[in-house]
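Q:
Residue numbers (our numbering): 36 to 121.
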């Protein structure tokens, strides 16, 4: 990952080998939902918006949201923070 703006879709190497069934992008972060119900987030981490516990660091690569370990039907990247839809 990098911090460069992209004008065209770019392959996310970190998710290779996983079946991504949905992607959502907010103003400062992205979410990917995989077929096994895992949710990955990356982007701007301030305010705990990426869902990685107390870690507020920015993530340039997708990182699994462990707190959402239960099967999630849909995940949406809101304007400020992501939220799950069970």
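Yeah, the Cβ is synthetic: ideal placement off N, Cα and C, and Gly gets one too. Because the structure is a prediction, the values reported are computed rather than measured.
Output the boundary residues of the beta strand (DSSP E) element that contains residue 59.
A: Counting along the chain, the beta strand (DSSP E) containing residue 59 begins and ends at 55 to 60.
Q: Would you tell me roughly how many angstroms separate the C-alpha atoms of residue 82 and residue 93, rounded to the nearest one?
A: Answer to the nearest angstrom: the Cα atoms are 10 Å apart.
Q: What does DSSP give as the partner residue(s) for residue 64 in the beta ladder?
A: According to DSSP, which records beta bridges pairwise, residue 64 is partnered with 78.
Q: Helix or strand or just coil, what does DSSP make of residue 42?
A: The answer is coil: DSSP assigns residue 42 none of H, G, I, E or B.
Q: For the beta strand (DSSP E) that contains residue 92, what are its first and last residues?
A: First-last for residue 92: undefined, no H or E at that position.
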